[in-house]
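Heads up: the protein sequence lines correspond to chains A and B, in order.
So in the numbering used here the end of the first sequence lands on 233, straight run, no missing numbers.
So in the numbering used here the end of the second sequence lands on 466, straight run, no missing numbers.
Protein chains: 2
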Amino acid sequence: MIDKQISPSKSQHSQADTVVDELVTAIHQHRIAPGTKLGEDDLAEIFGVSRTIIRASLQALAHQQLVEIKRNRGAFVVQPSIREAHEVFEARALLEPGLASRAAERATAEDIQLLQRHIEEEHAALAEGDRGKALHLSGLFHIEIARIANHATIAGFIEALIARSSLIIALYWRRESALCEKHAHHALLDALANQQGQAAEELMNSHLVDLHSALDLRERPKPARTLKEALGG
Amino acid sequence: MIDKQISPSKSQHSQADTVVDELVTAIHQHRIAPGTKLGEDDLAEIFGVSRTIIRASLQALAHQQLVEIKRNRGAFVVQPSIREAHEVFEARALLEPGLASRAAERATAEDIQLLQRHIEEEHAALAEGDRGKALHLSGLFHIEIARIANHATIAGFIEALIARSSLIIALYWRRESALCEKHAHHALLDALANQQGQAAEELMNSHLVDLHSALDLRERPKPARTLKEALGG
DNA sequence: CGATCCATTATTGTATACAACTTTGCGCCC
DNA sequence: GGGCGCAAAGTTGTATACAATAATGGATCG
C-alpha cells in the first residue's frame, strides 16, 4: 500500500508486498500492539508463504522503522521512545504545512472529492466505534495531501512519519482529549478546495501542534498481545 | 555504515550490512555508475556469500532508493530523473539549514575536530585526484552535521537524500563549475565552531543552492559500466 | 536479407534444509 | 530453598535446490 501510494506505476507486486500491506494496516489500526513479537514461523503459517517471504517483509518494515529486528532474537513492533515521539511530530510540523500549501495550489476537483470521501469514511468508522480504522484513515488523509502536493520525495518521508505516528499514538495518546481530528480535517479540506494555500499551511501547522500536545509524553508503555489473536489467521 | 551513523548502538551487524556498506560506498564514490545492473550471482561470487545475503542487501539499497528492483529482471543502480534531482535538493534545502543551526548550538570540541578531519581528508583526496572519494567524504560531512544536530529522525532523511544526491551528481554535474565545496565547508565549520547558529543556517542554505545550481538539469544520462570492472573482485 | 517463432540459456523468485544462536527448563550443588 | 550450569527445544541466520520468468540465439519462413 505504501509503495502504491507513492509510485502508482509499479503494479508488479510480489507476495512480500501483500504481507507488508497487511501488517502495516494491522499496525496502523492498532490490531498489533507495539512490542509484539512477530515470529517468522507464525507469520509464515498465517499468510501461507515460506519464511523467505516473511523475512523480506519484516526487513521492509524494519526499514520503515515499524519493527525492530534484533539479531538472532526476532522482529518486534517498535515502541517509540518519548524522544522519538517528539522528533516525529517536530519533523511533521516542519514538512507538512509546506506540503499543504503546495497541495492547495494543485488540488483538482477529483482530489477534493477523494479527500471528502476519506473524511466521510473516517466519520463512519468513528460512528461504528472502530477507532483503529478511523486512525488509519486519518493517516491516509495526510498521505493523500502529500501526494497531491506532487513532491514524491517529501511525500515518502511523510508516509514514514505517519506510520510511526500511529505507533506513537498507540502508546501515548491520552483519551481525555478526544477527536479534534474531525474539525481539523474538515477545515483543511475547505482551505484546499478554495485554493487558500496560506490558510491550509496554518491549519496544518496548528493541527499538528494539537496532535503533538494531545500526547501524554510522560507516562510509559502499555501491554502487548499475541499475534494470532490480532491477525485472526 | 549508514545504519551505524544513525544508531551507533547497533553493533550487531549481519553479513548483509557489510555488503550494503561496500556497495553504498562504491556508489557514492562513483565506482559503480547509475544504470549498472547488479546481478545476484555476480555479487554473491564477489563477496563470497550466498544469494540470500545479496538479495537482502539489494532490498535494503532499494529502500534507500539507490537501486531499483525490477521484478524478474534484477536490480539496477537508479538513474534519478531531472525531476527527482530537483526534489532531492529542494528537500535538502528545506531540512539541512535548520539542522546546521541546531548543530551550531550543540557541537562539542570533539565534533569540531571530527569535522575538521573530514575536511582535511577531503582535500587530501582531491589532491590525489580521487574525485569519487572526495565526493563521498563531502557527503559524510553533511551527515556528520545532521548527527551533531541530534535529531535522528531528520538525520535519517538527510542520509537518504545525500545518498541520492551522489547519484544525481554522477549524472548531472557540469564540470565547468569546480569545487566550491572547499570554501563552503570550511566556512560552515567556522560558524559551527563559533556556535553561530544563524550564520551556519545561512551558509548551509547558500551552499545547497550553489550545489543545486551547479547541476546541468537539462541534458540526459551517461553510460554504464560493468560490475567486476568497478568492484575489482 | 530480414523478421518472427521457438528452443535454449540465464537469471530471478520461492521453498526447504541445515547451522548457529538464544531461550527455557530441569537437575544439581551450595 | 535459591542459584548456577548444562542440556534440550525452539527460533533465527545462511546456504542450496528447485520453479518460474525473462533474455538469447538460431532456424525457418516470407
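Glycine residues also receive a C-beta, built at the ideal position from the N, C-alpha and C atoms.
- Item | Simplified DSSP state of E68 (chain A), which is helix, strand or coil | In the first sequence, the residue the question calls residue 68 (chain A) occupies position 68. Here E68 (chain A) sits in strand by DSSP.
- Buried or exposed: which applies to K366 (chain B), given that a residue is buried once 16 or more other Cβ atoms fall within 10 Å of its Cβ? Within the second sequence, the letter at position 133 stands for residue 366 (chain B). Buried, since its Cβ has 16 or more Cβ neighbours within 10 Å.
- Residue range of the beta strand (DSSP E) that includes A367 (chain B): On the second sequence, position 134 is the one that residue 367 (chain B) refers to. A367 (chain B) -> not in any beta strand (DSSP E); alpha helix (DSSP H) instead, spanning 364-382.
- Query: Would you call the CB atoms of V321 (chain B) and R397 (chain B) closer than 8 angstroms?
  - Reply: Counting from one through the second sequence, the residue named residue 321 (chain B) turns up at place 88. Counting from one through the second sequence, the residue named residue 397 (chain B) turns up at place 164. In this structure, R397 (chain B) lies closer than 8 angstroms to V321 (chain B) by Cβ.
- Is Q431 (chain B) close to chain A, meaning its C-beta is less than 8 angstroms from at least one C-beta of that chain? For this step, residue 431 (chain B) is matched to residue 198 along the second sequence. So, not an interface residue.
- Query: I387 (chain B) touches chain A at which residues, Cβ-Cβ below 7 angstroms?
  - Reply: Taking the first residue of the second sequence as position 1, residue 387 (chain B) is located at position 154. Within 7 angstroms Cβ-Cβ: A91.
- Please list the partners that E84 (chain A) has in chain B, where partner means a Cβ-to-Cβ separation under 9 angstroms. To locate residue 84 (chain A), count along the first sequence from 1; it is residue 84. Ordered by position in chain B, the residues that pass the 9 angstroms Cβ test against E84 (chain A) are A385, T386.
- Since L448 (chain B) and I391 (chain B) are thought to touch, with beta carbons under 8 angstroms apart, how far apart are those beta carbons, to the nearest angstrom? Counting from 1 along the second sequence, the entry for residue 448 (chain B) is found at position 215. Counting from 1 along the second sequence, the entry for residue 391 (chain B) is found at position 158. Actually they are not in contact, since the Cβ atoms of L448 (chain B) and I391 (chain B) sit about 18 angstroms apart, beyond 8 angstroms.
- Report, in whole angstroms, the separation of the C-beta atoms of A336 (chain B) and I378 (chain B), which I expect to be a contact under 8 angstroms. In the second sequence, the residue the question calls residue 336 (chain B) occupies position 103. In the second sequence, the residue the question calls residue 378 (chain B) occupies position 145. Confirmed, about 5 angstroms.
- For V474 (chain B), which residues in chain A fall below 7 angstroms Cβ to Cβ? Outside the displayed range of chain B (234 to 466) lies residue 474 (chain B), so it cannot be described from this structure.
- Message: For R73 (chain A), count the other beta carbons within 10 Å of its own beta carbon; 16 or more makes it buried, fewer makes it exposed. Which is it?
- Response: Residue numbering aside, residue 73 (chain A) sits at position 73 when the first sequence is read from its first letter. Label assigned to R73 (chain A): exposed.
- Query: Roughly how many whole angstroms lie between the Cα atoms of H384 (chain B) and Q196 (chain A)?
  - Reply: Residue numbering aside, residue 384 (chain B) sits at position 151 when the second sequence is read from its first letter. Residue numbering aside, residue 196 (chain A) sits at position 196 when the first sequence is read from its first letter. Those two C-alpha atoms are separated by around 32 angstroms.
- Query: For A308 (chain B), does the three-state DSSP call read helix, strand or coil?
  - Reply: In the second sequence, the residue the question calls residue 308 (chain B) occupies position 75. A308 (chain B): strand per DSSP, three-state reduction.
- Query: Could you give the distance in angstroms between the alpha-carbon of A333 (chain B) and the alpha-carbon of A155 (chain A)?
  - Reply: On the second sequence, residue 333 (chain B) is found 100 positions in, with the first residue counted as 1. On the first sequence, residue 155 (chain A) is found 155 positions in, with the first residue counted as 1. One C-alpha to the other measures close to 23 angstroms.
- Item | For K10 (chain A), three-class secondary structure by DSSP | Translated into positions along the first sequence, residue 10 (chain A) becomes position 10. Residue placement at K10 (chain A) is flagged as unreliable, the pLDDT there being 40, under the threshold of 50; the coordinate-derived value follows with that caveat. Note: K10 (chain A) maps to coil in three-state DSSP.
- Task: Please go through the same chain and pick out, in chain order, the residues whose beta-carbon is closer than 8 angstroms to the beta-carbon of R407 (chain B), but skip the five residues on each side of it.
- Result: The count along the second sequence starts at 1 and reaches residue 407 (chain B) at position 174. Closer than 8 angstroms at the Cβ level, and outside the excluded window around R407 (chain B), lie A447, L448, D449.
- Task: Report yes or no: is there a C-beta of chain A within less than 8 angstroms of the C-beta of Q349 (chain B)?
- Result: The residue you call residue 349 (chain B) lines up with position 116 of the second sequence. So, not an interface residue.
- Where does L215 (chain A) fall in DSSP's three states? Along the first sequence, read from residue 1 onward, the residue named residue 215 (chain A) stands at position 215. The answer is strand: DSSP assigns L215 (chain A) an E or B state.
- Counting pairs of beta carbons, one from the segment 25-35 of chain A and one from the segment 52-60 of chain A, are three or more of them closer than 8 angstroms? no
- Does A60 (chain A) come within less than 8 angstroms of chain B when only Cβ atoms are used? On the first sequence, residue 60 (chain A) is found 60 positions in, with the first residue counted as 1. A60 (chain A) counts as touching chain B.
- Message: Using C-beta distances below 7 angstroms, list every residue in its chain close to I148 (chain A), excluding the 5 sequence neighbours before and after it, in chain order.
- Response: Walking along the first sequence from the start, residue 148 (chain A) turns up at place 148. Once the five neighbours on either side are set aside, the close Cβ partners of I148 (chain A) are A103, R106, A107, D111.
- 8 angstroms contact criterion, which H63 (chain A) and A293 (chain B) should meet: CB distance rounded: Translated into positions along the first sequence, residue 63 (chain A) becomes position 63. Translated into positions along the second sequence, residue 293 (chain B) becomes position 60. Contact holds; Cβ gap of about 7 angstroms.
- Item | Per DSSP, the bridge partner or partners of K270 (chain B) | Along the second sequence, one-based indexing puts residue 270 (chain B) at 37. According to DSSP, K270 (chain B) bridges with B:F309.
- Task: Run the CB neighbour count on A308 (chain B), radius 10 Å, all protein chains shown included, and call it buried at 16 or more, exposed below.
- Result: Position 75 of the second sequence holds residue 308 (chain B). Classification for A308 (chain B): buried.
- Message: Using a Cβ-Cβ cutoff of less than 6 angstroms, which residues in the same chain neighbour I119 (chain A) once the five nearest sequence positions on both sides are dropped?
- Response: Within the first sequence, the letter at position 119 stands for residue 119 (chain A). Cβ neighbours of I119 (chain A) beyond the five flanking positions: H185.
- At a Cβ threshold of 8 angstroms, is F76 (chain A) touching chain B? Mapped onto the first sequence, residue 76 (chain A) falls at position 76. So, not an interface residue.
- Message: At the 8 angstroms Cβ level, is F47 (chain A) part of the contact set with chain B, yes or no?
- Response: Here residue 47 (chain A) refers to the residue found at position 47 of the first sequence. Cβ-Cβ to chain B under 8 angstroms: no for F47 (chain A).
- Rounded straight-line distance, which links the Cα of L370 (chain B) to that of R451 (chain B): Taking the second sequence and counting its residues from 1, one reaches residue 451 (chain B) at position 218. Taking the second sequence and counting its residues from 1, one reaches residue 370 (chain B) at position 137. In a straight line, the C-alpha of R451 (chain B) is about 27 angstroms away from that of L370 (chain B).
- Kindly indicate which residue of B:L368, B:L421, B:A403, B:G331 has the alpha-carbon position closest to the one of Q349 (chain B). As a position in the second sequence, residue 349 (chain B) is number 116, starting the count at 1. Checking every option, the nearest Cα to that of Q349 (chain B) belongs to B:L421.
- Item | 8 angstroms Cβ cutoff, H296 (chain B) in contact with chain A | Looking up residue 296 (chain B) in the second sequence gives position 63. Interface residue, yes.
- Verify the CB distance criterion: does A289 (chain B) have a CB-CB separation below 8 angstroms to chain A? The count along the second sequence starts at 1 and reaches residue 289 (chain B) at position 56. At least one chain A Cβ lies under 8 angstroms of A289 (chain B).
- Using beta-carbon positions only, say whether Q79 (chain A) and L171 (chain A) come within less than 8 angstroms of one another. On the first sequence, position 79 is the one that residue 79 (chain A) refers to. On the first sequence, position 171 is the one that residue 171 (chain A) refers to. Closer than 8 angstroms, so yes.
- Between which two residues does the alpha helix (DSSP H) containing E121 (chain A) stretch? Numbered from 1 along the first sequence, position 121 holds the residue referred to as residue 121 (chain A). Element bounds for E121 (chain A): 109-127.
- Item | Ordered list of beta strand (DSSP E) runs contained in the segment 397-429 of chain B, each at least 3 residues | none
- Message: Please tell me whether F374 (chain B) has its Cβ less than 8 angstroms away from any Cβ of chain A.
- Response: The count along the second sequence starts at 1 and reaches residue 374 (chain B) at position 141. Judged by the 8 angstroms Cβ criterion, F374 (chain B) is not in contact with chain A.
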